[in-house]
Amino acid sequence: MYLPPEWPPEVRPPSVPEWETSAVSWLLDAVPPDYRAYEVLRRHPVALARMAHHHVDAAVEAARAGYRSAAVDLKTCLPPHAVEAVLDVYREEGPRLVRLARSIEVVERALRGEGFTAMLRHTR
């Protein structure tokens, strides 16, 4: 079975029995810990995936906004090297969050019953 490159290694392939259990566990790690208290999200993994999608998309936007404003917001209360270190955190976290969002998207698609096919690229 083909899995897209964004497929998280922590989630078993959809062709394997009980793969949804690994998907739920992985998705719960992507959202605030309080989400674990809601049994409906365990019973309905698509709902959990949708909520995780929104949560991580919001985190991506927050990281972008934080990166854009950090130098100005922090320059009066942190030394320049600390401001640069904060910007480095955003430079690492932003792409990590984008990758996470893409992984959540493909897991959600699989939970909805979509299959994946490899696409050949035509090059000239």
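Residues in the sequence shown are numbered from 1345 upward in steps of one, following the numbering used here.
Glycine included, each C-beta is placed from N, C-alpha and C at the ideal position.
query	result
Less than 8 Å separating the beta-carbons of Val1451 and Ala1367?	yes
Between Pro1353 and Leu1455, is the Cβ-Cβ spacing less than 8 Å?	no
Can you list, in chain order, the residues of its chain whose CB lies under 7 Å from that of Ala1393, leaving out five sequence neighbours each side?	Leu1371, Ile1448, Val1451, Glu1452 and Leu1455
Does the beta-carbon of Pro1361 have 16 or more other beta-carbons within 10 angstroms, so that it is buried, or is it exposed?	exposed
How many Å lie between Arg1446 and Ala1381 at the Cα?	25 Å
Out of Trp1363, Gly1459 and Tyr1411, state which residue places its alpha-carbon closest to the alpha-carbon of Gly1438.	Tyr1411
Tell me whether His1425 counts as near the ligand MN, meaning its Cβ is closer than 7 Å to at least one heavy atom of that ligand.	Because no ligand of any kind appears in the structure shown, any question about the ligand MN cannot be addressed here.
Should Ala1396 and Val1375 be called a contact, given that it needs their Cβ atoms to be closer than 8 Å?	yes
If you follow the alpha helix (DSSP H) that Gly1410 is in, where does it begin and where does it stop?	Pro1389 to Leu1418
Curious, which full-length alpha helix (DSSP H) runs of at least 4 residues does the region 1424-1467 contain?	1424-1455
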